[in-house]
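A.B. asks: The working numbering numbers the first residue of the sequence shown as 128 and each following residue consecutively. Beta carbons are placed, not taken as given, at the ideal position from N, Cα and C, and that holds for glycine.
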Amino acid sequence: MNTDFLIIGSGIAGLTFALKVARKLPGASVTLVTKGDESETNTKYAQGGIAVVTDLTKDDYAQHINDTITAGDGLCDETIVRMVINEAPARLQELIDLGVEFDREPGGQLDLGREGGHSQNRIVHHKDITGQEVERALLKQIHSLPNIKIVSHCYAVDLITEHHLGKEIARGYNTTTCFGAYVLDPVNNRIEKILSKITMLATGGAGQVYRYTTNPLIATGDGIGMAYRAKGVIENMEFVQFHPTALFKPGENPMFLISEAVRGKGAILKNKDGGEFMNNYDKQRELAPRDIVARAIDSELKARGDDFIYLDCAHFPAGQFAKNFPNIFRACMDIGIDPSKDRIPVVPAAHFVCGGIKTDDLGRTSINHLYACGECASTGLHGANRLASNSLLEAVVFSHRAFTDASGKVENINLNSAIPEWNEPATTKADEMVLITQTIADIKSIMSNYVGIVRNDLRLSRGLSRLRNLFKEVRSFYNTNVLSPQLCELRNMVTVALLITRSAYIRDENRGLHFNKDHVKNTKSQSPR
Ligand code: FAD
Ligand code: SIN
């Protein structure tokens, strides 16, 4: 298959980019590949909303910039932060024009929620299902455009670069160049070569490398794995964000999120005896940046030997919880917890990868004709810890910027017809599923036990050596077995787990989300933590 634009991923980043290029260039062909149902994405589960300065009577860009930089703990790229926050209102207006419905006050102004680390109410949202509403509206627009072809339930295995042309030819290239991707088509049981002038990786996060995560099953770090194998630059992988409040329900994967917006409305964290503890950790208490709250909970759980803490909303005015958070209310009631009178048991869970494929201010990676956007990208916005609700924002700002760059370039790029077909067979189901599922369980266990919220040198070095062994095992298994989506996911998961652990092992300071007990003296935090 040949296409002008190949987009891998149908979350907010991939859909926004696809929509923009397809509208601007109606003669161009746009192919959007997604490995599951088209709406099964991290985006669909986003609850809290999108952080944008809209109410200039109380808020201003400087405050949002400052909050982002404070949360990022000294590692944000300040130029990028300014750019994203200044461009946010224009991107929000586009979402509204595309049909995304955000909640409004009776007077028509946007209803603004609050989350941790924000000095003002500035989170625009659709009830507590903002991501679902964004996916709905964007997919509706995508379906109306004849030049977009959605290829769902197909799995991108690897990016195609000059290395697929043989060593001799590859030596002639100064910079690695992307020519599309090999994609596993389960219907025909074969691997298709999709040649493309421009390729966009919008493959989302990697929470599934941990045992407890809020991320859906698709979040296996595939884009980061693919870019790494293609020799793209990957950075900041040690900064894995744990959301403080996932609903405690042993064995659940993914874990259901209790939005930070609930704390924004006044919910209080309590230990099992009903004691409040956040005032012992930070003056912003429940609304401190996420790394602080997650570490505080981790410390309480370890000190007391408990499995969970509680989120108490029983003091909310009657009916308020169900009105503001209908989806969360239903999920709690389904397991017999009525948030208007019962405390909600919660634990921290892996939620967001701040690092990823390094991009510039136009979403360009270190590989020619390859862009990355959304959670798989590392743009410089988040630094060492993402500010709540800044990731949907990052995705729309960077997909727009990548669109402006790529749409102006595409007509000067030729498809590379010398790229060979993928000759090996593929299968939809691996023969040795037990080996794959067991290795995934091993990865999750290593990451959760050795590379969690609080780390130390011994655990990191043990995790690193175990993951290196697993990496070698998976590589030889991959090289000698018929390809399947499960095997490809495993290969990406072990790669991403290794990248996280190696980066964590190398960083000898404490900053943002990375906290190593053996380096407390070298704590570089910029804000009181
Ligand atoms: P995703 O939405 O994850 O989409 C990834 C796409 O890539 C999927 O279509 C997937 O199938 C596809 N894909 C992956 N690998 C392959 C492959 N090998 N081949 C083919 N297709 C592939 N952020 C906020 O800003 N505000 C919030 O309120 C918020 N709430 C959240 C709540 C939850 C429960 C979670 C999990 C996250 C939340 N986040 C929130 C984070 C935010 O939702 C994500 O960072 C964002 O949606 C990522 O968008 P994306 O387009 O980069 O990727
Ligand atoms: C939430 O609603 O708590 C999630 C927000 C985010 O991850 O940005």
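#1: In the DSSP assignment, the beta strand (DSSP E) including T554 goes from what residue to what residue?
#2: Within the same chain, show all residues whose beta-carbon is closer than 6 Å to that of N495, passing over the 5 residues directly before and after it, in chain order.
#3: Given this structure, state the Cα-to-Cα distance separating C440 from I275, to the nearest angstrom.
#4: Taking N342 as the reference, give the member of V623, R586 and H478 with the closest Cα.
#5: Return helix, strand or coil for P433, following the three-state DSSP convention.
#6: Thinking C-alpha only, which one of Q259, E365 and R249 is nearest D635?
#7: With DSSP as the reference, label E548 as helix, strand or coil.
#8: Could you compute how far the alpha carbon of L632 sits from the alpha carbon of T181?
#9: Go to L562, then tell me how far its beta strand (DSSP E) extends in each direction, as first and last residue.
#10: Report the option in L133, V578, L266 and T143 whose CA atom is closest to the CA atom of I522.
#11: Could you pull out every residue in the same chain whose Cβ sits closer than 7 Å to the Cβ of A423, ignoring the five residues on either side in sequence?
#12: Just mark H641 as buried or exposed, buried being the case when its beta carbon has 16 or more other beta carbons within 10 Å.
#13: If you draw a straight line from the C-alpha of L104 to the C-alpha of G359, how long is it?
#14: Indicate the three-state DSSP secondary structure (helix, strand or coil) for F525 in the structure shown.
#15: So, K644 versus N583, is the Cβ gap smaller than 8 Å?
#16: On a CA-only basis, which of R593, S516 and A533 is nearest E242? Give me that one, please.
#17: Taking DSSP's pairing of strands, which residues face M327 in a bridge?
#18: In whole angstroms, what is the alpha-carbon distance linking P655 and P416?
#19: In chain order, which beta strand (DSSP E) runs of at least 3 residues are fully inside the stretch 259 to 317?
#20: Spell out the partners DSSP gives G240 in its beta bridges.
C.D. replies: In short:
#1: No beta strand (DSSP E) contains T554, which DSSP labels as neither H nor E.
#2: T302 and T304
#3: 45 Å
#4: H478
#5: Looking at the sequence shown, residue 433 is not Pro but Asp. In this structure, D433 counts as coil in the three-state DSSP scheme.
#6: E365
#7: coil
#8: The sequence as given places Tyr at residue 632; Leu does not occur at that position. Straight-line Cα distance between these residues: approximately 41 Å.
#9: Not the beta strand (DSSP E): L562 falls in the alpha helix (DSSP H), residues M560 to Y577.
#10: Position check: residue 522 holds Ala in this sequence, whereas Ile was assumed. For the residues L133, V578, L266 and T143, the minimum Cα distance to A522 belongs to T143.
#11: F404, M405 and Y408
#12: buried
#13: Summary: the structure shown does not reach residue 104, with the chain confined to residues 128 through 656, and so no result is reported for it.
#14: helix
#15: yes
#16: S516
#17: I134 and Y498
#18: The predicted model places P655 with a pLDDT of 48, which falls under 50 and marks its position as unreliable, so this point remains unresolved.
#19: 275 to 279, 282 to 288 and 305 to 312
#20: I250
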